[in-house]
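Chemist:
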Amino acid sequence: MAEEQTQKPQASSIQLQASSQEPYLLDFYGTECVPCKEMEPLLEQLENELGVKVQRLEVWHNAANAALMEQYDKEQRGFVPFYYNKKTGKALYGTQSYETFKKWALGQL
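Numbering of the sequence shown is given in UniProt numbering, commencing with residue 1 and proceeding in unit increments.
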């Protein structure tokens, strides 16, 4: 009887697959923004509970991130915190409850 050989994926290919998964939830914030800092624990809870990654983009001291925010901020409110879901195209502005964040992340808004 011939032995069956099973190939395990190389560790490097697993890491490459994980790193190629671009976050679809964006958090535009300002370093000195108090409401942005207040929302951080809710973003961490969202990541832990749903197993998603939120990409954080500082806009007050980073012109490239500010320009990116302008592209997503269709209502042109121009303030932070600003959250954008690239899968649904839905945006949230300002502080939010955890339940609202969760619905937004799951595409239920």
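In this text, a Cβ means the ideal position worked out from N, Cα and C, and glycines have one as well.
Rounded to whole angstroms, what's the CA-CA distance from Asn62 to Gln108? Just pull it up for me.
Modeler: Working through the sequence shown from its first residue, we reach residue 62 at position 62. Working through the sequence shown from its first residue, we reach residue 108 at position 108. Rounded to whole angstroms, Asn62 to Gln108 spans 31 Å at the Cα level.
Chemist: In this structure, how does DSSP classify Tyr24 when only helix, strand and coil are distinguished?
Modeler: The count along the sequence shown starts at 1 and reaches residue 24 at position 24. Note: Tyr24 maps to coil in three-state DSSP.
Chemist: Nearest by alpha-carbon distance to Tyr93: which of Glu75, Gly51, Glu47 is it?
Modeler: Within the sequence shown, residue 93 is the residue found at index 93, counting from 1. Per the Cα distances, Glu75.
Chemist: Which residues in the same chain have their Cβ closer than 8 Å to the Cβ of Thr31, if we skip the five residues on either side of it in sequence?
Modeler: The residue given as residue 31 occupies position 31 in the sequence shown. Here the set comprises Glu58, Trp60, His61.
Chemist: Would you call the CB atoms of Leu46 and Lys102 closer than 8 Å?
Modeler: Working through the sequence shown from its first residue, we reach residue 46 at position 46. Working through the sequence shown from its first residue, we reach residue 102 at position 102. In contact: Leu46 and Lys102 (Cβ atoms closer than 8 Å).
Chemist: Between the C-alpha atoms of Thr6 and Gly51, what's the straight-line distance to the nearest angstrom?
Modeler: Numbered from its first residue, the sequence shown carries residue 6 at position 6. Numbered from its first residue, the sequence shown carries residue 51 at position 51. For Thr6, the predicted model reports a pLDDT of 40, less than 50, meaning its position is unreliable; a value from the coordinates is still stated below. Their Cα atoms are separated by approximately 29 Å.
Chemist: Does Phe82 get closer than 8 Å to chain D when you measure Cβ to Cβ?
Modeler: Given the protein chain composition of this structure (a single chain), no chain D is represented.
Chemist: Whole angstroms is fine: what's the gap from Glu70's alpha carbon to Leu26's?
Modeler: For the purposes of this step, residue 70 is taken as residue 70 along the sequence shown, with counting starting at 1. For the purposes of this step, residue 26 is taken as residue 26 along the sequence shown, with counting starting at 1. Cα-Cα distance, rounded: 13 Å.
Chemist: When you compare each of Ala105, Pro23, Tyr29, Tyr24 to Ala66 by their alpha carbons, which one comes out closest?
Modeler: Mapped onto the sequence shown, residue 66 falls at position 66. With distances taken between Cα atoms, Ala66 lies closest to Tyr29.
Chemist: Tell me which residues share the same chain as Cys36 and place their Cβ nearer than 7 Å to its Cβ, disregarding the 5 neighbours each side in the sequence.
Modeler: Against the sequence shown, residue 36 aligns to sequence position 36. So the list reads Tyr29, Gly30, Val80, Pro81, once near-sequence residues are dropped.
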